[in-house]
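Report on the structure given below.
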Amino acid sequence: MTSGQPTYEEQQQEIERLQQRVAELERLEEIVKNIPGMVYRFELSADGVPRFRYASQGSQHVYHLKAADIVDNPDIFTRIVPSDHRVSFQESILKSATDLSLWQEEIRFRVGTESYWTHGVSRPFRTAEGDTIWDGVVIDITASKRSEEAERRALEQETIIRQQAALLVELSAPIIPLAEGVLVMPLVGTMTDARMRWGLKPCSKG
209 MTSGQPTYEE
219 QQQEIERLQQ
229 RVAELERLEE
239 IVKNIPGMVY
249 RFELSADGVP
259 RFRYASQGSQ
269 HVYHLKAADI
279 VDNPDIFTRI
289 VPSDHRVSFQ
299 ESILKSATDL
309 SLWQEEIRFR
319 VGTESYWTHG
329 VSRPFRTAEG
339 DTIWDGVVID
349 ITASKRSEEA
359 ERRALEQETI
369 IRQQAALLVE
379 LSAPIIPLAE
389 GVLVMPLVGT
399 MTDARMRWGL
409 KPCSKG
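Encoded structure:
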């Protein structure tokens with residue numbers, strides 16, 4: 209080094225170091241792009257101000273939002289998360305920040321008239337300045353949730369059909385005359401107290 213200025217060799221070494229760093233960042237960005245979800249860094253400052261430090265391009269698939277929109281609008285989730293889920297969502301973040309516990313939450317949100325579901329997980333850490341930072345990932349579980357809902361409805365419908373079929377069988381059972389004024393109906397199904405009392409009632413003539 210001459211007169212405090214870096215030599216040509218030192219300049220070349222610094223350029224090579226920066227080029228390697230850029231290449232590493234580009235490889236990392238490619239990895240993040242291939243993750244089926246949104247990778248993010250979320251910060252809650254010591255004075256309680258939330259903001260996203262980073263959001264990957266997966267936000268477009270998961271939240272139907274551009275990464276820049278999420279980073280530039282820290283309160284965006286208070287607008288897309290329905291009011292009936294917003295309180296529990298905010299409480300889960302505050303709890304994680306308080307005890308630095310793993311944050312894990314299923315989040316329902318709306319885009320227009322459509323509802324979607326995501327599952328997020330991240331682990332926080334505290335900075336020397338008192339800020340809390342979460343590095344995590346959010347994936348889209350809408351298809352799974354809709355499949356569960358369809359299965360639940362199918363089971364409910366199946367139960368109703370079975371109940372209706374059993375009722376039709378009971379109603380179609382023939383009445384058998386045993387003697388004058390004595391009619392019996394074959395028992396179909398379960399003998400309950402109510403059915404026993406009904407069956408013991410005398411049949412009226414004519």
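Going by this note's numbering, the sequence shown runs without a break in its numbering and finishes at 414.
Don't be surprised by glycine CBs; every beta carbon is placed ideally from N, CA and C.
Who are the near neighbours of L273 in its chain, counting only those whose CB is closer than 6 Å to its CB and skipping five residues on each side?
-> S267
Going by other Cβ atoms of all chains shown within 10 Å of its Cβ, with 16 needed for buried, is T326 buried or exposed?
-> buried
Cutoff 6 Å; reference L308; Cβ partners in own chain excluding five residues on either side | P332
Go ahead and label K413 buried or exposed: buried means 16 or more other beta carbons lie within 10 angstroms of its beta carbon, across all protein chains shown.
-> Its pLDDT being 49, under 50, K413 is placed unreliably in this model, and the coordinates cannot settle the point.
Under a Cβ-count criterion, where at least 16 other Cβ atoms within 10 Å of its own Cβ denotes burial, should Q220 be classed as buried or exposed?
-> A residue is called buried once 16 or more other Cβ atoms fall within 10 Å of its Cβ, and Q220, having fewer, is exposed.
May I have a chain-ordered list of the alpha helix (DSSP H) segments no shorter than 4 residues that lie completely inside the segment 228 to 285?
-> 267 to 271 and 275 to 280
Bridge-paired residues (DSSP) for G328 | E313 and V346
What residues in its chain sit with their C-beta under 7 Å from that of A254, if we drop five residues either side in the sequence?
-> E337, G338 and D339
Boundaries of the alpha helix (DSSP H) in which D307 is found, first to last residue = S291 to D307
Indicate the three-state DSSP secondary structure (helix, strand or coil) for T367 in the structure shown.
-> helix
For my contact list, M246 and Y271 are in at a C-beta cut-off of 8 Å; report their separation, rounded to the angstrom.
-> 7 Å
Spatial neighbours of A305 in its chain, beta-carbon cut-off 8 Å, leaving aside the 5 residues before and after | Cβ neighbours of A305 within its own chain (closer than 8 Å, five residues either side excluded): L252, P332 and T340.
Nearest-angstrom Cα distance between Q265 and K241?
-> 7 Å
Selected residue, minimal CA-CA separation from E314, among Q371, I347 and D283 = Of all alpha-carbon atoms in Q371, I347 and D283, the one lying nearest the alpha-carbon of E314 is that of I347.
Who pairs with I341 in a beta bridge, going by DSSP?
-> Within the DSSP bridge table, the entry for I341 names E251 and F333 as partners.
Local Cβ density within 10 Å of G328, reported as buried at 16 or more and exposed below that = buried
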